[in-house]
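Just below is one structure, and these are the notes that go with it.
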Amino acid sequence: MAPRSTGYWFTAPALTLMAIILLLPVLIAAGLSFTDYSLGNQSANWVGAENYEKIVSRSTYQKMFTASIIYVLVVVPVSVVLGLGAALLINSLSFGGDLYKTIFFLPVMAALLAMAIVWEFALHNSVGIVNEMFQAGCGTIIEWVFNWGWIPFVDGSQTWYGRNCASQEFPLWLRDRNYALATICFIGIWQAFGFNMVLYLAGLTSIPRELLQAAEMDGAKSAWERFRLVIWPMLGPTTVFVVTITSIRSFQVFDTIEALTQGGPSKSTYVMMYAIYEKAIQQNLMGIGAAITIVFLGFVLVITFMQRYLVERRVHYS
Amino acid sequence: MSHIQVNAIEKSFADTKVLQGVQLDIRGGEFLTLVGPSGCGKSTLLRIIAGLERQTSGDVVIAGRNVNGVRASERDLAMVFQSYALYPHLTVRDNMMTPLRLRDLSKAQRTPLVGRYLPGSKKKLAGIRETVEETADILKIRELLARKPGQLSGGQRQRAALGRAMVRRPVAFLMDEPLSNLDAALRVHMRAELTDLHRRLQATFVYVTHDQAEALTMSSRVAVMMDGRILQLDTPMAVYADPVSRRVAEFIGSPKINILPGRLDSAGRVTVLGHSMARRITDAAAQSVSVGIRPEHLIDVPTDSDAAEYVGVVRRLEHLGSDLYIHASLSDGQEMLIIRSDPDAAARYSYGDPITIAQVKGAALIFDDKGDRLRTAPKKESAGDDALEVA
Chain F
3 MAPRSTGYWF
13 TAPALTLMAI
23 ILLLPVLIAA
33 GLSFTDYSLG
43 NQSANWVGAE
53 NYEKIVSRST
63 YQKMFTASII
73 YVLVVVPVSV
83 VLGLGAALLI
93 NSLSFGGDLY
103 KTIFFLPVMA
113 ALLAMAIVWE
123 FALHNSVGIV
133 NEMFQAGCGT
143 IIEWVFNWGW
153 IPFVDGSQTW
163 YGRNCASQEF
173 PLWLRDRNYA
183 LATICFIGIW
193 QAFGFNMVLY
203 LAGLTSIPRE
213 LLQAAEMDGA
223 KSAWERFRLV
233 IWPMLGPTTV
243 FVVTITSIRS
253 FQVFDTIEAL
263 TQGGPSKSTY
273 VMMYAIYEKA
283 IQQNLMGIGA
293 AITIVFLGFV
303 LVITFMQRYL
313 VERRVHYS
Chain W
381 MSHIQVNAIE
391 KSFADTKVLQ
401 GVQLDIRGGE
411 FLTLVGPSGC
421 GKSTLLRIIA
431 GLERQTSGDV
441 VIAGRNVNGV
451 RASERDLAMV
461 FQSYALYPHL
471 TVRDNMMTPL
481 RLRDLSKAQR
491 TPLVGRYLPG
501 SKKKLAGIRE
511 TVEETADILK
521 IRELLARKPG
531 QLSGGQRQRA
541 ALGRAMVRRP
551 VAFLMDEPLS
561 NLDAALRVHM
571 RAELTDLHRR
581 LQATFVYVTH
591 DQAEALTMSS
601 RVAVMMDGRI
611 LQLDTPMAVY
621 ADPVSRRVAE
631 FIGSPKINIL
641 PGRLDSAGRV
651 TVLGHSMARR
661 ITDAAAQSVS
671 VGIRPEHLID
681 VPTDSDAAEY
691 VGVVRRLEHL
701 GSDLYIHASL
711 SDGQEMLIIR
721 SDPDAAARYS
731 YGDPITIAQV
741 KGAALIFDDK
751 GDRLRTAPKK
761 ESAGDDALEV
771 A
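Pasting the structure below:
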């Protein structure tokens with residue numbers, strides 16, 4: 003018989019590595035968040051909960067939470083639904099599916115930083131292709147359709163497109179605080195949904211064909227019925243994973259912000275990751291940066307626990 | 381209960397022809413088994429009847445209605461799949477309610493959350509529940525209704541799948557190897573249950589299997605399929621005792637029928653390994669033939685017996701409890717024979733012993749060089765026929 007301690011010895015290397023690589027940095031960050039440490043300083047002063055007080059009280063950080071939460075609440079549902087929709091459509095194709103898969107997956111593979119430069123050009127207010135396109139549409143049938151004037155009781159000249167056409171001025175997408183976050187969200191969705199689509203495609207292929215045929219034999223005639231009876235429940239585990247991973251990735255959004263808006267205008271796109279970067283790296287305020295990091299980790303933990311306790315219980319794992 | 385006609389069905393996948401003009405008439409209320417080796421097209425045929433697959437050409441007629449353009453969900457058939465295909469996220473009750481819900485409730489009544497509060501829903505749902513419980517009672521799975529498929533054993537899942545097929549009282553039941561995922565003992569038990577169920581429901585069953593034991597024990601009629609064709613369609617006993625070709629004879633029967641090379645001369649006399657057979661073939665030219673003899677038609681006899689016909693050496697003894705199969709190699713060649721004997725014979729033989737074998741007269745099946753059956757001339761009635769004699 004081996005002594006009782008043998009098991010601990012076997013797990014020791016893994017535990018040690020986990021402690022050093024995963025837990026220690028978090029603990030150090032947690033420790034730093036109670037100080038005013040700056041990189042290069044010999045020592046740091048213990049400031050207690052001051053950093054956290056700032057996070058709670060200062061309007062900058064409230065804007066930070068607002069931007070982050072809006073970003074997550076917009077990007078996650080839209081990219082998940084779009085990903086699922088694209089996967090279902092591609093899955094129903096008899097040919098050409100691979101082409102669509104490649105195209106939709108391109109944004110995921112491309113470096114977002116490089117793509118951000120493309121977006122910056124596209125969204126430029128005078129030479130950008132987006133505004134040029136809107137401008138070119140003015141006065142044509144495109145304006146007539148998209149100012150929604152053809153819908154009863156809608157005044158075409160008062161809608162978004164109508165007004166912008168009249169004034170011949172289109173938004174500065176990234177420089178206007180009313181549009182900046184929405185634009186960043188759009189780019190986030192554009193980037194995330196291809197990834198979700200691939201995950202859903204994998205989920206779809208794992209649905210046994212016999213189950214769909216059983217649904218057909220049982221009288222599920224419409225695509226919607228098959229979706230409700232078989233596809234959606236069988237995609238449950240995929241959905242949990244997709245929602246969790248997209249939420250975490252959305253909380254971590256950084257490169258588009260850094261490349262396109264630097265958190266502006268007037269902090270409207272000041273998301274958490276960017277705040278950590280700005281405080282801790284650019285301004286060398288390690289203490290406050292660490293505090294935001296801890297709050298950020300808190301959010302991620304909450305998402306993980308929500309996945310574990312709220313969702314998993316209602317999802318069927320075969 | 382309704383009859384199903386399959387007319388000249390052909391099916392090709394790319395270049396391979398899987399079904400080559402299958403003609404089948406399934407009578408209302410019968411238990412018809414499609415049996416054949418894997419890849420013979422039996423499952424494809426079943427799926428074409430179900431509407432899950434489209435035939436390349438030919439017609440499927442169910443109860444007098446041509447259903448070529450009718451999709452599976454509108455053919456009013458029920459199918460039991462090999463994997464059972466129960467909805468894993470639903471309880472057995474919900475699984476069984478699904479077909480009725482889809483048939484009896486209107487689209488609005490099926491809307492999630494609000495549907496059940498619409499007028500009429502409650503009454504219909506109560507009716508559905510009642511039907512499900514009645515069916516569950518027939519299958520003795522009432523106590524399983526609240527469980528999910530993952531919590532059931534193979535046999536219980538099998539029953540739940542049957543239940544889901546039964547609740548709707550379909551025109552016919554289609555079963556695609558439903559027992560092949562069960563262990564041997566349960567399979568034998570479920571065979572009996574399916575036969576019972578068929579008798580009780582008086583419904584049309586179309587059953588696909590590669591297991592000839594299932595085919596022989598349960599069916600009213602058996603269709604033996606090979607290479608996309610139905611070779612023989614008859615009662616189980618006729619298929620066993622009176623196969624139309626060598627391939628059918630070899631496929632049906634376990635252990636396999638013994639095949640010996642023979643020679644048919646112009647007088648109609650068949651000679652096997654130097655012995656002439658008593659019966660004559662009247663309407664065939666001289667040619668080399670194969671002679672098939674079932675293991676139960678071979679008997680080991682004392683060495684000095686007059687009946688001795690083949691001499692061999694014991695190569696293997698297969699003891700099955702009730703029967704003993706002796707595998708013997710014939711002394712004059714590579715031929716192997718399997719002989720069914722009573723278990724007591726085991727004491728008389730061991731590996732390498734010589735054995736003399738006699739054949740039950742009139743039991744040999746003769747096939748021509750293409751494998752088709754050659755009929756022997758009608759036997760003369762005589763008292764000696766039943767007795768063991770030199771063939």
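First to last, the sequence lines map onto chains F and W. Residues in the first sequence are numbered consecutively from 3, following the numbering used here. Residues in the second sequence are numbered consecutively from 381, following the numbering used here. Yeah, the Cβ is synthetic: ideal placement off N, Cα and C, and Gly gets one too.
What is the DSSP secondary structure of residue i, counted as helix, strand or coil?
i	result
F:Asn149	coil
W:Ile442	strand
F:Gln285	coil
F:Trp48	strand
W:Phe461	coil
F:Thr37	strand
W:Ala763	With a pLDDT of only 41 at W:Ala763, under 50, the local geometry of the prediction cannot be trusted, and the value read off the model is given with reservation. Three-state DSSP puts W:Ala763 in a helix.
W:His578	helix
F:Gly87	helix
W:Gly543	helix
W:Lys636	coil
F:Asp100	helix
W:Gln739	strand
W:Lys750	coil
W:His655	strand
W:Ile384	strand
F:Val245	helix
Since residue i meets chain W, which of its residues come closer than 7 Å, beta carbon to beta carbon?
i	result
F:Gly221	Ser453, Pro479, Leu482, Arg483
F:Glu280	Per Cβ cutoff of 7 Å: no residues; F:Glu280 is ~46 Å from chain W at best.
Quick one: list the residues of chain F neighbouring residue i, beta-carbon separation under 7 Å, in chain order.
i	result
W:Ala430	Met219
If we call anything under 8 Å between Cβ atoms a contact, is residue i one with residue j?
i	j	result
F:Ala194	F:Ser40	no
W:Val669	W:Ile746	yes
W:Tyr690	W:Leu710	yes
W:Gly778	W:Gln489	Because chain W in this structure spans residues 381 to 771, residue 778 of chain W falls outside the shown range and cannot be described.
W:Leu644	W:Val652	no
W:Thr515	W:Val547	yes
W:Phe461	F:Ala14	no
W:Arg601	W:Asp614	yes
W:Ile428	W:Gln435	yes
F:Phe197	F:Val110	yes
W:Leu697	W:Asp556	no
F:Leu183	F:Ala69	yes
F:Ala46	F:Ile296	no
W:Ser331	W:Val694	Coverage of chain W is limited to positions 381 through 771, which leaves residue 331 of chain W absent and any answer about it impossible.
What in chain F is Cβ-close to residue i, meaning under 8 Å?
i	result
W:Phe461	Glu212, Gln215, Ala216
W:His469	Pro235, Met236, Gly238, His318
Exposed or buried, residue i, counting other C-beta atoms within 10 Å across all chains shown (16 or more means buried)?
i	result
W:Ala565	exposed
W:Pro616	buried
F:Met20	exposed
F:Gly85	buried
F:Trp175	buried
W:Lys760	Reliability of the predicted coordinates at W:Lys760 is poor, the pLDDT of 49 falling under 50, and no value is obtained from them.
W:His569	exposed
F:Trp48	exposed
F:Ala113	exposed
F:Ile278	buried
F:Ser128	exposed
W:Lys750	exposed
F:Trp121	buried
Which residues of chain F have a Cβ atom closer than 9 Å to the Cβ of residue i, listed in chain order?
i	result
W:Ala526	In chain order: nothing, as chain F lies at least about 15 Å away.
W:Ala458	Met219, Asp220
Just to make sure I have the definition right: I need the residues of chain W whose C-beta is within less than 8 Å of the C-beta of residue i. Which are they?
i	result
F:Val232	Tyr467
Run down chain W in chain order and give the residues with a C-beta less than 9 Å from the C-beta of residue i.
i	result
F:Glu122	Ordered by position in chain W, no residue passes the 9 Å Cβ test against F:Glu122, which lies about 44 Å from the chain.
F:Glu134	Within chain W, no residue comes near F:Glu134; the closest Cβ sits about 45 Å away, beyond 9 Å.
Query raised in the report: Where in the region 659-720 of chain W do unbroken runs of the beta strand (DSSP E), each at least 3 residues long, occur, reported from the N-terminal end onward?
Result: The region 659-720 of chain W contains these whole beta strand (DSSP E) runs: 667-673, 678-681, 690-699, 704-710.
Report task. Note down, one range per segment and in chain order, each beta strand (DSSP E) of at least 3 residues found wholly within the region 484-529 of chain W. Result -> DSSP runs (the beta strand (DSSP E)) wholly in the region 484-529 of chain W: none.
**Report entry** alpha helix (DSSP H) segments (min. 4 residues) lying fully within the region 147-192 of chain F
**Finding:** Listed in chain order, the complete alpha helix (DSSP H) runs (minimum 4 residues) inside the region 147-192 of chain F are 162-169.
Query - 4-residue-minimum alpha helix (DSSP H) runs that sit fully inside the region 573-632 of chain W, ordered along the chain - result: Whole alpha helix (DSSP H) segments, 4+ residues: 592-598, 616-621, 626-631.
Query raised in the report: Which parts of the region 399-454 of chain W are runs of the alpha helix (DSSP H), unbroken and 4 residues or longer, counting only runs that do not cross its ends?
Result: Fully enclosed alpha helix (DSSP H) runs of 4 or longer: 422-430.
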